[in-house]
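Residue numbers (the working numbering): 301 to 827.
Below, the structure is given as C-alpha cells:
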C-alpha cells in the first residue's frame, strides 16, 4: 500500500515505548501515514526489552543506521537523549511525564537537539511556563499542547468505582497508593520496606495498599528481583501494579498517594488526590518548578514513627490545597491530543481527519496480589459486642500492641508455623451441609492442639464454631469464618460466654450474628 507521508518514532526505554504507543493511535491513525520505529542510537542502561516490546505491539523497527540515513517527513521522540542530532528529519520532542521537572529531563544547556539537516525541532510543553526551561534557538519552536495523560486521567474519574473494584477495594476501605521513581533519592531507595510497612501497619479491613514502581526499576533490576523484594508485602495483600500499565487507574482509585519526587505526585495533585512524601530528591529537580515547590508545601512521613496514624490523618485531608501548582503544570485541559495532532499534521502538510481525537478513560489495572490467609488480630469485647482489628501475619508486625492478640489462620495457609501457632483456624471452602462443616471444624481442633476455636461453613452460609472448651455453636449472619472465629475466641478469652446474638465490628462493617448451641443430632445432613 502506497502512503503519502512517513513518520519515524524514536524509542529509548520502556517508559518511552509505553508513552508513545498510548497516544499514537489517536494521533496518526491515517491511511496516508506510515509509522516506523527505531531504537535510539546511543544505548540506555534501561533499554532492555524495548525492541521486543515494540515488536510485540506489531511495530516495524528500522536499524538506527538506516533511520539516520533516511529523510522522513517527521521524527517523534519522547526523550531528548541519544544521537537525535543525527536524524535528517524535522523533530518533535514530547515529555514522557508532566513537563520537565527533573534536571535529567532537559539538556544541560537547555538547547534541544537539532537534526543534521538543520530542520526544525518542536518541543511540546504541557504548560506555557515550561518554555523558560528551554533556551531560545533559531531552530527550536516550543508548542504548548497540554498533557494527554492528564486528560485521560480526568476522563477516568467518573469511572473511579471500576478501578477500585478491579483492585479489590470495597466502598468502606481506603486505597493507599505508594509510588517510587528511580535513583538513589527515590522512595524505594530511601525506604525499601515502605510497601511492607504500610501493609503490615494498616488494618486490613480498613485499607488496601498498592505499589507503583518506575519502569526503570523493573528493567534495571529485573521482574524476578522486584517480586523477591516485594514478596512479604505481596503475601500481606499488596497490590503490585505491573510494569507497563495500570498505574493511572490505580491513581484514579487512590485515596492517598505516598510518593516521592516522581511524576505521579504531579498527576495526583492535578486530580485532587492527597499527597504525602516518603522521600524527596530535591537536588534532582529544576529549581522553581511546581514539583520543587510541592516539596515545601506537602507533608512528609516520619519514617521513624508508626505509619498508621499518619496515613489516617493524611488520607482524611480535605480540600485541594495544590490546585495553584497543578495549574502551572497542566494547560490546555482536554485538548492535548487535538493540539498535538494539529502540530503533527501541520508539519506533514496534510489536512487532519475530520473527527477529533478521542480522550478515552485509562485501562483498568490488573495488579499482582495474593490472598491473605493469616491475620494477627486484636479484639475488644464490650458485653455482647466485639470490635476486631486485623493485620496480615506474614508481614510480621510484631511491634503492634493489640488487646486479646491472637492469630486467625486459614486451614490452607502454606506456612506450617502459622497454622501451628493459630488460636483460630477456619475452612474458607464451604461444605455440603452443617454435618460436614461440623466434622471439618472438629477435625481442625484435633489436628492442631494449640487451636482454641475452629470454624467451617456450608453452602447455605451457616457456620459451625467448634470450641476446645465448650460445645459447638451454629451461627448465621453473613460473617466470614475467620472473623466469627476471632469474635468467639475473644469472648472466651474475656470470660464472656457467647450470647444468643453477638455484634461484630471489623473495619467499617458491622455484623449481627445469631448463635445457637449445636446438638449432636441436629440439624440433619442434606439429602
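C-beta: ideal position from N, C-alpha, C; glycine also.
On a predicted model such as this, the values are computed, not experimentally measured, just so you know.
Based on Cα-Cα distance, which residue from 449, 738, 733 and 467 lies nearest to residue 665? The option with the nearest alpha carbon to residue 665 is 467.
For residue 563, does the count of other Cβ atoms within 10 angstroms reach 16, so buried, or fall short, so exposed? Residue 563 comes out buried.
Quick check on DSSP: helix, strand or coil for residue 821? Note that residue 821 scores 45 on pLDDT, short of 50, meaning its location in the model is unreliable; the coordinates nonetheless yield the value given after this. DSSP, reduced to helix, strand and coil, places residue 821 outside both helices and strands of the structure shown, so it counts as coil.
How long is the line joining the alpha carbons of residue 464 and residue 558, rounded to whole angstroms? One Cα belongs to residue 464, the other to residue 558, and the distance between them is close to 17 Å.
CB-CB under 6 Å to residue 670, same chain, minus the five flanking residues each way: which ones, in chain order? Closer than 6 Å at the Cβ level, and outside the excluded window around residue 670, lie 534 and 535.
C-alpha gap between residue 747 and residue 487, whole angstroms: The straight-line gap separating the alpha-carbon atoms of residue 747 and residue 487 is approximately 45 Å.
Assuming residue 569 and residue 576 make a contact with CB atoms under 8 Å, what is their CB distance in whole Å? Rounded, the Cβ-Cβ distance is 12 Å, inconsistent with contact.
Within 10 angstroms of its Cβ, does residue 473 collect 16 or more other Cβ (buried), or is it exposed? By the 16-neighbour rule on beta-carbons within 10 angstroms, residue 473 is buried.
Paired residues, beta bridge with residue 756 - DSSP: Under the DSSP definition of a beta bridge, residue 756 partners with 764.
Cβ pair residue 319, residue 449 closer than 9 Å: Contact flag set, yes.
Start-to-end residues for the beta strand (DSSP E) that takes in residue 706: First-last of the beta strand (DSSP E) with residue 706: 706-710.
Taking the C-alpha atoms as reference points, what is the distance between residue 753 and residue 323? Taking the Cα positions, residue 753 is about 56 Å away from residue 323.
For residue 384 and residue 421, the rounded distance between their alpha carbons: Cα to Cα, residue 421 sits roughly 10 Å from residue 384.
Please report the straight-line C-alpha distance between residue 547 and residue 818, rounded to a whole angstrom. Going from the Cα of residue 547 to the Cα of residue 818 covers about 50 Å.
List, from N- to C-terminal side, the alpha helix (DSSP H) runs of 4 residues or more that fit wholly inside the stretch 575-650. DSSP runs (the alpha helix (DSSP H)) wholly in the stretch 575-650: 590-597, 607-615, 623-626 and 636-648.
Alpha-carbon to alpha-carbon, residue 807 and residue 724: Rounded to whole angstroms, the separation of the alpha carbons of residue 807 and residue 724 is 19 Å.
Which two residues bound the contiguous beta strand (DSSP E) that contains residue 570? Careful: residue 570 lies outside any beta strand (DSSP E), inside the alpha helix (DSSP H) at 563-571.
Coarse secondary structure for residue 318, derived from DSSP in three states: Here residue 318 sits in helix by DSSP.
Can you look up residue 732 in the DSSP assignment and give me helix, strand or coil? It is coil, neither helix nor strand.
Across the stretch 675-684 and the stretch 785-794, are there enough close Cβ pairs to call them in contact, namely three or more that are closer than 8 Å? Touching, per the Cβ criterion.
Taking the continuous alpha helix (DSSP H) assigned at residue 789, which residues delimit it? Under the DSSP assignment, residue 789 falls in the alpha helix (DSSP H) whose first and last residues are 781-793.
Just to confirm, is the Cβ distance from residue 620 to residue 427 under 9 Å? No, the pair does not count as a contact, with Cβ atoms beyond the cut-off.
Please report the distance separating the alpha-carbon of residue 523 from that of residue 308. About 30 Å.
Using a 10 Å radius around the Cβ and a threshold of 16 neighbouring Cβ atoms, would you call residue 399 buried or exposed? Its Cβ being crowded by 16 or more others within 10 Å, residue 399 is buried.
Counting only the same chain and skipping the five closest in sequence on each side, list residues whose C-beta sits under 6 Å from that of residue 776. Here the set comprises 762 and 814.
Of the listed residues 389, 339 and 401, nearest to residue 418 (C-alpha basis): Looking at the Cα atoms, 389 is the closest of the given residues.
Alpha carbon to alpha carbon, how far is residue 327 from residue 672? Give it in angstroms, no decimals. Approximately 44 Å between the Cα atoms of the pair.
Element boundaries [alpha helix (DSSP H), containing residue 498]: Start and end: 494-501.
Look at residue 382 and residue 317 and say whether their C-beta atoms are less than 9 Å apart. Taking the C-beta atoms as reference points, residue 317 is found no nearer than 9 Å to residue 382.
For residue 515, does the count of other Cβ atoms within 10 angstroms reach 16, so buried, or fall short, so exposed? Its Cβ being crowded by 16 or more others within 10 Å, residue 515 is buried.
Sort 454, 362 and 429 by Cα distance to residue 586 and report the nearest one. Comparing Cα-Cα distances from residue 586 to each of 454, 362 and 429, the minimum goes to 429.
Between 598, 593, 580 and 581, which has its C-alpha nearest residue 573's C-alpha? Cα-wise, what sits closest to residue 573 is 598.
Output the distance between the C-alpha atoms of residue 640 and residue 445, rounded to the nearest integer angstrom. Answer to the nearest angstrom: the Cα atoms are 6 Å apart.
Beta bridge counterpart(s) of residue 689 as assigned by DSSP: Beta-bridge partners assigned by DSSP to residue 689: 678.
Is it buried or exposed for residue 825, if we count other Cβ within 10 angstroms and need 16 for buried? The predicted model places residue 825 with a pLDDT of 44, which falls under 50 and marks its position as unreliable; any figure quoted below should be read in that light. Residue 825 is classed as exposed because its beta carbon has fewer than 16 other beta carbons within 10 Å across all chains shown.
Would you say residue 628 faces chain D, with C-beta separation under 9 Å as the test? Absent from the structure: chain D. Only one protein chain is present.
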